[in-house]
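Residue 68 in this note's numbering sits at position 62 of the sequence shown, and the numbers go up by one each step.
All remarks here apply to the structure that follows.
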Amino acid sequence: MSEKEILTRLKKIVEPYVQSLEGLQNFKEETDFLNDLQINSANLVDVILDVEDEFNIEIDNDSMEGMLTVGDAKAIIQRKLPQG
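Next up, the structure:
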C-alpha cells in the first residue's frame with residue numbers, strides 16, 4: 007500500500023473527529039492530532055480503533071502513545087501491515 011493511499015484513508019478516518027477545519031485542509035505528515043486537528047484524547051482512542059478496523063491491524067499501547075502526528079500514524083500502520 008502506498009504512503010499516499012495510507013494518508014488518504016487516514017484523513018477520511020480522522021475527519022469526523024476534527025475540530026479544526028483549517029488543520030484538516032493542511033493535512034500532512036507533520037499534522038498533530040491534538041494541536042492542529044484539535045481531536046480530544048477520548049476521540050483519539052476512537053481514531054485508533056477506526057484505524058485498526060480500516061487497515062485490519064492491531065495497535066498496541068506503546069504504539070498508541072507514540073501516535074501524535076499523522077506521520078507517526080502512517081509509520082505505525084506501515085509497520086503493522088503485512089509485508090508482501
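Yeah, the Cβ is synthetic: ideal placement off N, Cα and C, and Gly gets one too.
All values reported here derive from a predicted model rather than from experimental measurement.
Residue range E9 to V20 is occupied by the alpha helix (DSSP H) that includes L13. In the three-state reduction of the DSSP assignment, D66 falls in the coil class. Partner residues in the beta bridge of D38, as assigned by DSSP, are T75. Looking from the CA of E60, the closest CA among F33, K86, L27 and G29 belongs to K86.
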